[in-house]
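The next block holds one structure in the form of structure tokens; read it before the comments.
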Amino acid sequence: MTQKIWVRLSHGHNRERKAARAWAARHAEDMNAWGSAVDPVLWREGLDWAAAFADFARPRLDRLAAAGVNLGGGGGVELLYLLTRLIRPALALETGVAAGWSTSAILAAMRANESGLLLSSDFPFFRLADPERYIGYVVPDDLKRRWTLRTKGDRRNLEEFLLPDTRVDLVHYDSDKTRNGREFFLRRVRPHLTNRHVIVMDDIQDNLVFREYAERQRAFRVFEYEGKYIGVAGAGLPALERRRP
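Position in the sequence shown (first residue = 1) + 30 = our numbering.
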């Protein structure tokens, strides 16, 4: 935590963040238009699921917020739902669970696929009492049979998850947003990615790590979402886009 605070206050970080936001804004496109073009039926399915899930989750989160516990909301869950339906991952890996919006999107799409397992890594909110009980708070019980959660932090959790023969098709990164955190994760996961993998990275406006990764891939996409940016890249992305009419 001390390292994160120091990085955020440094002049170099501020310059990089400005450059990253400008790059993301330059490449950003409309998520709804892209999803509709790739597969309009599955995109609509994801939008409908996201709306229904928000109706389920928000009252629970509002009750917590009234008690002084704010777990935040979800960002771009319809995108994760669509990608999971399209890729049909045998194994997906997620870092950063929080309340469980993205977790629920991936698991709901896996249920629709009737296949897939999700590994999720998180670390408890240190500022809350008994914090582990809030991780994945809104994930419905009927989705949890495909889910494995570890709460020791990414570096320790990934050692448990990424065994020598582990192969990952879909990745959602939403944990340590520092350059060091993202670079460590990409190095650690790279040997375990399949030749059809797709990586989704949230808050790519914080630094240039996603740009450096994406520009080495055959294709990438950037989507603006509520003033922030989500990046999507990986070997499997071009195959998904060939679905366009």
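The beta-carbon is built from N, C-alpha and C at its ideal position, and this holds for glycine as well.
### Query
Quick one: what's got a C-beta closer than 6 Å to PHE253's C-beta in the same chain, skipping five residues either side?
MET61, ILE260, listed in sequence order.
### Task
Using three-state DSSP, classify VAL198 as helix, strand or coil.
Strand.
### Query
Any idea what DSSP makes of SER150, helix, strand or coil?
Here DSSP, grouped into helix, strand and coil, assigns SER150 to strand.
### Query
Below 8 Å between beta carbons: does that hold for TRP131 and VAL99?
Not a contact, by the Cβ cut-off of 8 Å.
### For ARG272, the nearest candidate out of ALA49, LYS207, GLU162, TRP64 (CA to CA)
Measuring C-alpha to C-alpha distances from ARG272 to each of ALA49, LYS207, GLU162, TRP64 identifies TRP64 as the nearest.
### Query
Is it buried or exposed for THR178, if we count other Cβ within 10 angstroms and need 16 for buried?
Exposed is the call here.
### Boundaries (first-last residue) of the alpha helix (DSSP H) holding THR178
Per DSSP, THR178 belongs to no alpha helix (DSSP H); it is in the beta strand (DSSP E), 177-180.
### Query
Do LEU116 and ILE136 have their C-beta atoms closer together than 8 Å?
No; because the gap between Cβ atoms is not below 8 Å, this pair is not in contact.
### Task
Within its chain, find whatever has a CB closer than 8 Å to the CB of ARG197; leave out the 5 residues flanking it on each side and keep chain order.
Hits under 8 Å: ALA120, LEU121, HIS222, LEU223, THR224.
#### Entry: Pick from ARG246, ALA128, PHE86 that is closest to ASP152, judged by C-alpha positions
If we check each option's Cα against that of ASP152, ALA128 comes out closest.
### Query
In chain order, what residues of the same chain have a beta carbon less than 7 Å from the beta carbon of PRO154, not counting five sequence neighbours either side?
Closer than 7 Å at the Cβ level, and outside the excluded window around PRO154, lie PRO161, GLU162, ILE165, THR181.
### Query
Run through DSSP, which three-state label would TYR111 get?
If DSSP states are grouped into helix, strand and coil, TYR111 belongs with the helices.
### Task
Counting only the same chain and skipping the five closest in sequence on each side, list residues whose C-beta sits under 7 Å from that of GLY264.
Answer for GLY264: HIS227, VAL228, ILE229, GLN247, listed in chain order.
### Query
Helix or strand or just coil, what does DSSP make of ILE165?
DSSP places ILE165 in coil when its eight states are reduced to three.
#### Entry: Cβ-Cβ distance between LEU200 and THR114 below 8 Å
Closer than 8 Å, so yes.
### Task
Please check the pair TYR243 and GLY106, which I expect to be a contact at CB under 8 Å, by giving their CB distance rounded to whole angstroms.
Going by Cβ atoms, the distance from TYR243 to GLY106 rounds to 18 Å, so no, they are not a contact pair.
#### Entry: Opposing strand residues paired with ILE260 [DSSP bridges]
Note: ILE260 sits in a beta bridge opposite PHE253.
### Nonlocal neighbours in the same chain, by C-beta distance under 6 Å from ASP232, ignoring five residues either side
Within the same chain, and ignoring the five residues on either side of ASP232 in sequence, the residues whose Cβ sits closer than 6 Å to its Cβ are ASP204, ILE260.
### Under the three-state DSSP convention, the category VAL127 falls into
Coil, per DSSP.
### Message
Please classify ARG251 as buried or exposed, where buried requires at least 16 neighbouring CB atoms within 10 angstroms.
### Response
Burial check for ARG251: the Cβ neighbour count within 10 Å reaches 16 or more, so the residue is buried.
### Query
Taking Cβ to Cβ, would you say ARG17 is nearer than 8 Å to SER150?
Since the first residue shown for the chain is 31 and the last is 275, residue 17 is missing from the structure and cannot be characterised.
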